[in-house]
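Under this note's numbering, the first residue of the sequence shown is numbered 1, with each subsequent residue one higher.
Don't be surprised by glycine CBs; every beta carbon is placed ideally from N, CA and C.
Worksheet: the structure to be examined is printed underneath.
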Amino acid sequence: MVSRSMYNEKFPDISDELESIIAKHYFPVEHNFYSTNYEFIINLSNCKENDEYWFQIETTNVTIKAQNAEQEIPYRFSGNIDLPEQSDIPDLTKYEITGLTVNGKDETARIPPTTISGTLMSHSVELVLKNAEEYKISIKREKIVNKKTNPDKRFFASNIIKDFKLTVIMDKSCTVNLHKMGTIGEFEQSLEQINNGVKITTWIYDGVILPHQGFMLLFKP
């Protein structure tokens, strides 16, 4: 490979390590697909039962481009919520996938239950995609998260993504800041829109996001 020759020439002592890191983590050669037109929408509001919690509705729309329609694509998505410390106040933490479609077909029956391990509530879904050149996936989640233990929202790509759109919907009195995490390009913010006390903020990433790159959102009530 060209990269191996270049690493050997410039850094012979560590060329194998460099090649391994690039091939396994940033350009995983075993992947036979990439994601494009990735859209993530998060609607954030105070939980009615306890304003120390956020109520979140998240929607993800993404198109998976296959290298070969006949090859199986193992596609996985997952997430975690940090649980609050135990107290006399009931914990309202919730994580539920309420909708899942692949090319318009309802796949909610394939959603496994949420799990709790230690201080984490987790959910993971694995799909095996086959017999198409592209797959349009839509995922809807509902979450209730403690504000103190979950002051931010982090996203890191697990595969190559081409073009990303992020939209945050929240009360106009709240603020949200985006910090890129390892991406070469920038998440360009559009003008905020405020309607009936609700603020809508959108960021666009025009380009390629590699695995382990992404962003962090910091919320302030």
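Residue of the options minimising C-alpha distance to residue i
{"i": "I111", "options": "Y26, E192, F77", "result": "F77"}
{"i": "G118", "options": "L92, E126, I81, E134", "result": "I81"}
{"i": "D171", "options": "V128, S45, F33", "result": "S45"}
{"i": "E39", "options": "Y135, Q213, I204", "result": "I204"}
{"i": "N50", "options": "N196, Q213, P90", "result": "P90"}
{"i": "I200", "options": "S173, I161, H212", "result": "S173"}
{"i": "E72", "options": "E134, S20, P221", "result": "E134"}
{"i": "R154", "options": "Q213, G197, L127", "result": "Q213"}
8 Å Cβ cutoff met for residue i and residue j
{"i": "A157", "j": "L210", "result": "yes"}
{"i": "F27", "j": "L18", "result": "no"}
{"i": "T167", "j": "I41", "result": "yes"}
{"i": "V145", "j": "T93", "result": "yes"}
{"i": "K143", "j": "Y75", "result": "no"}
{"i": "N159", "j": "S35", "result": "yes"}
{"i": "P151", "j": "F215", "result": "no"}
{"i": "K136", "j": "T202", "result": "no"}
{"i": "P149", "j": "L100", "result": "Here the sequence assigns Thr to residue 149, which means Pro is not the residue at that position. No. Outside cutoff."}
Between the CA atoms of residue j and residue i - distance to the nearest angstrom
{"i": "Q222", "j": "I169", "result": "Examination of residue 222 is not possible in this model, given that the chain is present from 1 through 221 alone."}
{"i": "G207", "j": "K180", "result": "14 Å"}
{"i": "I139", "j": "A66", "result": "19 Å"}
{"i": "V29", "j": "L217", "result": "30 Å"}
{"i": "K224", "j": "A69", "result": "Only positions 1 to 221 of the chain appear in this structure, which leaves residue 224 out of reach."}
{"i": "N61", "j": "Q86", "result": "35 Å"}
{"i": "Q189", "j": "L178", "result": "9 Å"}
{"i": "D13", "j": "T183", "result": "27 Å"}
{"i": "K24", "j": "H123", "result": "24 Å"}
{"i": "L191", "j": "M121", "result": "35 Å"}
{"i": "T98", "j": "S5", "result": "49 Å"}
{"i": "L31", "j": "Y53", "result": "Strictly speaking, residue 31 in this sequence is His, with Leu absent from that position. Near 38 Å, if we compare the C-alpha coordinates of Y53 and H31."}
Three-way DSSP call (helix, strand, coil) for residue i in this model
{"i": "A109", "result": "helix"}
{"i": "K165", "result": "strand"}
{"i": "I22", "result": "helix"}
{"i": "D13", "result": "helix"}
{"i": "S5", "result": "helix"}
{"i": "N159", "result": "coil"}
{"i": "G197", "result": "coil"}
Bridge-paired residues (DSSP) for residue i
{"i": "A66", "result": "F33"}
{"i": "D152", "result": "L218"}
{"i": "E75", "result": "For the sequence presented, residue 75 should be read as Tyr rather than Glu. L127, per the DSSP bridge assignment."}
{"i": "D82", "result": "L120"}
{"i": "K180", "result": "F215"}
{"i": "S138", "result": "N61, T101"}
{"i": "F187", "result": "None; F187 has no bridge partner."}
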